[in-house]
Amino acid sequence: MGVDVVKLEDGPGFPESELLSAIVESSDDAIVGGTTGGQITTWNPAAEKIYGYRAEQIVGQPLTVLSPDERIGEIEETLAKIGRGERVVHRETVCRRQDGETFHVSMTASPIHDGDGLLIGVSAIARDITEQHQARAAAELLRKADDLEQANRTLESFTYSVAHDLRAPLRALGGFTSALMEDCADDLGEAGRGYAKRILAATGQMSVLIDDLLVLSRIARAEMHPERVDLGAEVARIAADLQRGAPQRRVHFAIEQPVPARADRLLIRTALQHLVENAWKFTSGQDDALIEFGTVPAGDAHVCCYVRDDGVGFDPDYAGKLFQPFQRLHPASDFPGTGIGLASVKQIVERHHGRAWAEGEVGEGATFYFTLEAGEIA
Amino acid sequence: MTTRSILLVEDNPDDEMLTLRALKKNNILNAIAVAHDGAEALELIFSKASSGEPLPGLILLDLKLPKIDGLEVLRRIRADERTRIIPVVVLTGSKLEEDILAGYRGGANAYVRKPVNFAEFAEAVKTLGLFWLILNEPVPEFTPQPD
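Chains as they are written, first to last, in this note's numbering: chain L, 3 to 380; chain B, -9 to 137.
The structure is reproduced here in structure tokens:
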């Protein structure tokens, strides 16, 4: 169709020209004529609607006006092709409206020849494909999210099966070492029994690490059942349990209640348990301790909570490492643990589309923050 | 009291040896047959059921098995009138609830975590009321109960 537009210039009076003219006028696609040098000569109503310029504003301007700066090269390239007598068909590109907004178009450009076959201009048909483009982008995004979800599940099931399979040889190590100690204790001698004990201790430790991996993998795979949970009440319950377990300790709890949130009860309870137990653990060396639970303004999030203690604190240089599995900032001899608690907290919070971070100083206590999102929970 | 055998279904030779050792160490005198995959276990059980031979008095069943997995073995034992009442103790590799729950739904009587620690095994047997079955030489904490 573009090729024939030139016949319009043949002048009125030819029924064919009138027909073509009517087609151009009524087209939903922008149809633009230009000189071989790229100067706009004709501009149909659809072009006016799509680009925002009226014909009298734009005729005589260079075609490059319709392109965002970074795409001007494309127009020059197209004109060069036209100069060689070639067409550009359904090229997807970005154009610029009069108001400066950009939008996606599918563009076809053809050379216009006169009766003698001489190149006299260019016709361009541009279709606004913003909607298709958006739909495609949305579909692509969905597909990527699906891929990611799939990859995550694969990774989780891999973690699960590795952890599971690691147990079998570990059982043999532990089991036969025990058998050695029971059945061959005399032959082993004192040194031998010492070595065997070390093997047993190491297998025990590895068994705990594998359990932790399984816990993490389970958190990642657990089905979410969001409901309304009073986080303050959960913390109060955890605090009461801890105090019952160690009545000799003088720990003051300051707990904000209620702190309503939408969350998976089991998971968020696990996260709070880790945070409060951490605070409890890292204040264990002091006569008096204060552990606080409360909220701060949440910004974009649904709720932002913190658990603060006045315990041993941590070196803020390593704050990022705190949430990685098996990372510990204190020797196990001072404070027991495998370093899985905060990794679990992070994973749980992220499953609620929230964020977790920590602030602290050595000897100045620590504050752990997390946010939760009100919206849909993965 | 008839002597009932125990069937251990376990594909891992280390676990098999450790389990047999634990039972022997604790003076379990029952005959113990071992099947190394689910298919072998089913064949052993159902050939006895067909020929009228005495069925095992207790099955110790691993879940992850070659050919036919443990849960399927359990399902088929429970689906057959002749074998439905055999007590089954599921041996689990980890404490993962899903394994445990799946085991119960399939009709397991109890579960014991591997390696078969005798204390846990004894607890499971106690839970099942199976002291009458176990022919161990009486030790103080393990006195056979009257049937």
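We put the CB at the ideal spot given by N, CA and C, even for glycine.
Helix, strand or coil for residue i per DSSP?
| i | result |
| --- | --- |
| LEU21/L | helix |
| MET140/B | With chain B represented from -9 up to 137, any question about residue 140/B goes unanswered, as that position is not in the structure. |
| LEU324/L | helix |
| SER108/L | strand |
| GLU87/B | Bear in mind that a pLDDT of 47 at GLU87/B, under 50, signals an unreliable position, so the number given afterwards is only what the model happens to contain. Reduced to three states, the DSSP call for GLU87/B is helix. |
| VAL34/L | strand |
| THR(-7)/B | coil |
| VAL(-1)/B | strand |
| LEU202/L | helix |
| VAL364/L | coil |
| HIS332/L | coil |
| ASP243/L | helix |
| LEU123/B | coil |
| HIS354/L | coil |
| LEU143/L | helix |
| ASP395/L | The requested residue 395/L is not part of the displayed model; chain L covers only 3 to 380. |
| ALA25/B | strand |
| PHE255/L | strand |
| ASP118/L | coil |
| GLY341/L | coil |
| SER346/L | helix |
| ASP52/B | strand |
| PRO105/B | coil |
| PRO47/L | helix |
| GLU375/L | coil |
| PRO44/B | coil |
| ILE161/B | The structure shown has nothing for residue 161/B, since chain B only spans -9 to 137. |
Just grab the DSSP bridge partners of residue i for me.
| i | result |
| --- | --- |
| PHE100/B | Checking the sequence, you will find Ala at residue 100/B rather than Phe. DSSP output for ALA100/B lists VAL79/B as bridge partner(s). |
| TRP282/L | TRP282/L is not bridged to any residue. |
| GLN41/L | PRO64/L |
| ARG310/L | GLU294/L, THR369/L |
| ASP232/L | PRO262/L |
| GLU94/L | SER108/L |
| VAL305/L | LEU374/L |
| PRO113/L | VAL124/L |
Would you mind working out which of the options sits nearest residue i, comparing C-alpha positions?
| i | options | result |
| --- | --- | --- |
| THR161/L | LEU216/L, LEU21/L, ILE127/L, ASP148/L | LEU216/L |
| GLU352/L | GLU72/L, ILE131/L, LEU374/L | LEU374/L |
| GLN59/L | PRO17/L, ASP71/L, ASN46/L | ASN46/L |
| PRO228/L | ILE270/L, VAL96/L, LYS283/L, ALA291/L | ILE270/L |
| ALA291/L | HIS115/L, ASP118/L, ARG89/L, GLN250/L | GLN250/L |
| ILE342/L | GLU279/L, ASP312/L, GLY296/L, GLY287/L | GLU279/L |
| LEU65/L | ALA32/L, ARG155/L, MET183/L | ALA32/L |
| ARG281/L | PRO299/L, HIS254/L, GLU258/L, ASP302/L | The sequence as given places Ala at residue 281/L; Arg does not occur at that position. Nearest C-alpha to ALA281/L: HIS254/L. |
| GLU103/L | GLN63/L, CYS186/L, LEU68/L, GLY176/L | LEU68/L |
| PHE111/B | GLY97/B, LEU50/B, PRO56/B | LEU50/B |
| VAL364/L | PHE284/L, HIS304/L, PRO327/L | PHE284/L |
| VAL124/L | THR272/L, ILE212/L, ILE42/L | ILE42/L |
| GLU294/L | LEU22/L, CYS186/L, ALA241/L | ALA241/L |
| ALA170/L | LEU55/B, GLY42/B, THR73/B | LEU55/B |
| HIS106/L | SER112/L, CYS97/L, PRO113/L | CYS97/L |
| LEU277/L | LYS348/L, GLN329/L, ALA111/L, ALA248/L | LYS348/L |
| PRO99/B | ILE67/B, SER41/B, GLY83/B | Before going on, a small fix: residue 99/B reads as Asn here, not Pro. Considering only alpha carbons, the answer is ILE67/B. |
Using a Cβ cut-off of 8 Å (strictly closer), state whether residue i contacts chain A.
| i | result |
| --- | --- |
| ALA358/L | Judged by its chain identifiers, the structure shown contains no chain A, and its protein chains are L and B. |
message = Quick check: the region 21 to 40 of chain L against the region 76 to 85 of chain L, are at least 3 beta-carbon pairs closer than 8 Å?
response = yes
ask   = Going along the region 53 to 74 of chain B in order, which residues come within less than 7 Å of chain L, judged by CB to CB distance?
value = none
task = Kindly confirm or deny that the region 350 to 370 of chain L and the region 300 to 311 of chain L touch, where touching means at least three C-beta pairs closer than 8 Å.
result = yes
request  = Please name the residues in the region 4 to 29 of chain B whose beta-carbon is closer than 7 Å to at least one beta-carbon of chain L, in chain order.
outcome  = Going along the region 4 to 29 of chain B in chain order, one finds ASP4, ASP5, LEU8, ARG11 with a Cβ nearer than 7 Å to chain L.
The region 182 to 215 of chain L: positions lying closer than 7 Å to chain B by Cβ = none
request  = Could you tell me whether the region 254 to 265 of chain L touches the region 229 to 238 of chain L, where touching means 3 or more Cβ pairs closer than 8 Å?
outcome  = yes
request  = Name, going along the chain, the residues of the region 157 to 171 of chain L whose beta-carbon falls closer than 9 Å to a beta-carbon of chain B.
outcome  = Against chain B - using a Cβ distance shorter than 9 Å - the residues of the region 157 to 171 of chain L are TYR162, ALA165, HIS166, ASP167, ARG169, ALA170, PRO171.
ask   = How do the region 17 to 37 of chain B and the region 46 to 61 of chain B stand: do at least 3 beta-carbon pairs fall below 8 Å, yes or no?
value = Judged by Cβ distances under 8 Å, the region 17 to 37 of chain B makes contact with the region 46 to 61 of chain B, as three or more pairs qualify.
ask   = Given 8 Å as the limit, is there contact between the region 347 to 363 of chain L and the region -6 to 1 of chain B, that is, 3 or more CB pairs closer than that?
value = No contact exists between the region 347 to 363 of chain L and the region -6 to 1 of chain B.
The region 165 to 183 of chain L in contact with the region 5 to 13 of chain B per 3-pair CB rule at 8 Å = yes
query = Is the region 206 to 225 of chain L touching the region 146 to 162 of chain L in the sense that three or more CB pairs, one from each, lie closer than 8 Å?
reply = Cβ pair count under 8 Å is three or more, so yes.
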